[in-house]
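Residue numbering for the sequence shown follows the numbering used here, beginning at -19 and increasing consecutively.
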Amino acid sequence: MKLAAKTLYSVCALLALIALSSCSVDKMPDVSTQEYRPKVLVFSTTTVKQEPPKYVYRGDKFRDPFIPLTDSGYSAFISETVPTPSIGSLTLKGIIDDKNAKTAVITGGGNTFILRDGKLFDTKNRLIKGISGAIRKDSVLLTGPDRTSKEIFLRIRE
-19 MKLAAKTLYS VCALLALIAL SSCSVDKMPD VSTQEYRPKV LVFSTTTVKQ EPPKYVYRGD
41 KFRDPFIPLT DSGYSAFISE TVPTPSIGSL TLKGIIDDKN AKTAVITGGG NTFILRDGKL
101 FDTKNRLIKG ISGAIRKDSV LLTGPDRTSK EIFLRIRE
């Protein structure tokens, strides 16, 4: 048993020697040769008040959802020419009747138009010159630029 204990002690000592000799010691940098520069933090006591940007709808195809249909609204797009649709190609999609006014939604030629207060507007709230109309219970009477009239009836799907 004495031999086994001596062998065990010598193996442990050998392993400890190998473990200690395999560890490398990094040299610490010489602090005396480095220059010490303290970090300087700058704080500003003034506050800048930023106002939120004013909302301007820049969509070019759809109606601005934040502009009411019954009131006059602002459009960011101003165009000199608004294409006048043919009265024969227009279809009545719906009539909105609220406490202030009646409004009709009309489509034609791939465009949507709004009829309110006897005037026809496009989805950008631009006036379509030459076309006027009157909203009735289930139809709309439109008058074109050449003084021709056409009554468009609301088709109810079942």
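We put the beta carbon where it would ideally sit given N, CA and C, even for glycine.
Contact under 7 Å by Cβ, residue i with residue j
| i | j | result |
| --- | --- | --- |
| residue 111 | residue 121 | no |
| residue 72 | residue 132 | yes |
| residue 86 | residue 95 | yes |
Supposed close pair residue i, residue j - CB separation, criterion 8 Å
| i | j | result |
| --- | --- | --- |
| residue 125 | residue 83 | Incorrect: roughly 22 Å between the Cβ atoms, too far for contact. |
Top-ranked residue by Cα proximity to residue i, from the options
| i | options | result |
| --- | --- | --- |
| residue 36 | 85, 92, 104 | 104 |
| residue 127 | -16, 67, 24 | 67 |
| residue 146 | 20, 79, 102 | Because the chain spans -19 through 138 in this model, residue 146 falls outside it and cannot be assessed. |
| residue 80 | 22, 1, 48 | 48 |
| residue 181 | 115, 113, 93 | Within the shown structure, residues of the chain are numbered from -19 to 138, placing residue 181 beyond reach of any answer. |
| residue 91 | 98, 78, 69 | 69 |
Cutoff 7 Å: residue i Cβ touching any chain D Cβ
| i | result |
| --- | --- |
| residue 17 | Of the protein chains in the structure, only one exists, and it is not chain D. |
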